[in-house]
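Notes follow the structure.
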Amino acid sequence: NPWFDYYNDINSYEKTFRGVLGKVHVVDYLRERIKQGRGAVIMDLMGPGFVLRSMPYTAALAVTLGDRRPEEQKAADIQRNLTVIAGDVREKQEAIRGWLQKQNVLGFDLILCRPMKGCDALPRDNDTYYSLIESVWETLSSDEGMLLFEVPRYKQKVIRNWAKKLDDIPNV
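Heads up: the sequence shown at position 31 corresponds to 24 in the numbering used here, and the numbers run straight through without jumps.
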């Protein structure tokens, strides 16, 4: 079953991104932001938002291909300020930016993207991946925002090349 990790909490994500996170714990990062009054606006990109429910935040967004939540979960999510946008992520960038505007924030403090097999549904051309990662990057908060973006092994070179471009940008 390729979706065995689909409904895991943040601990599973931290295992996936341990090489990047080191000793940083995502929940501690978010709690500290909230404690400092900076807010914690988070997004689960290409995921149903299950992981978000186990984390502290001030506002949360999940962008997923389809919304399969039962009505009682939708009601609970509304109460917790968790929004789900369903559809092809490549066609939802304007909706994501609109959601940020409604929250009155400039960007996400944390973006998680661990789509598992979801990347297989995207075209395999490099432009798709460059476009996706750049559009996500543009929505990241400049106030110590954190981006955890998993890519398939066959696209890691593309992402490394993109990351090298960031070296030329001050304060990145």
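Just so it is clear, CB atoms sit at the ideal spot from N, CA and C, and this is done for glycine as well.
query	result
Three-state class that DSSP yields for Phe43 in the structure shown	helix
Unbroken beta strand (DSSP E) run spanning Leu141, endpoints	139 to 142
Which of helix, strand or coil DSSP assigns to Pro(-5)	Low confidence applies to Pro(-5): its pLDDT is 42, below 50, so where it sits in the model is not reliable enough to give any reading.
Expected contact under 8 angstroms - CB spacing of Gly80 and Thr132 to nearest Å	Not confirmed; about 16 angstroms, so no contact.
Straight-line gap, Val44 to Thr51 (C-alpha atoms, nearest Å)	15 angstroms
Assigned secondary structure, Thr76 (DSSP; H/G/I helix, E/B strand, else coil)	strand
Assigned secondary structure, Leu175 (DSSP; H/G/I helix, E/B strand, else coil)	No answer is possible for residue 175: the residues shown for the chain start at -6 and end at 165.
DSSP bridge partner residues for Met36 (one or two, in chain order)	Leu54, Ile104
Integer-rounded CB distance, given that Gln96 should sit under 8 angstroms from Val17	That pair is no contact at about 24 angstroms.
Contact under 9 angstroms by Cβ, Ser47 with Val98	no
Cβ-Cβ distance between Leu58 and Leu103 below 9 angstroms	no
Where Lys8 falls, given that 16 or more other Cβ within 10 Å makes a residue buried	exposed
Val144 classed as buried or exposed, judged by whether at least 16 other C-beta atoms fall within 10 angstroms	buried
The alpha helix (DSSP H) enclosing Val19, as first and last residue numbers	19 to 28
Reduced DSSP secondary structure (H/G/I, E/B, other) of Leu125	helix
Option in Gly138, Val129, Asp136, Glu137 with minimal Cα separation from Met39	Val129
Test item: CB-CB of Leu125 and Val77 under 9 angstroms	no
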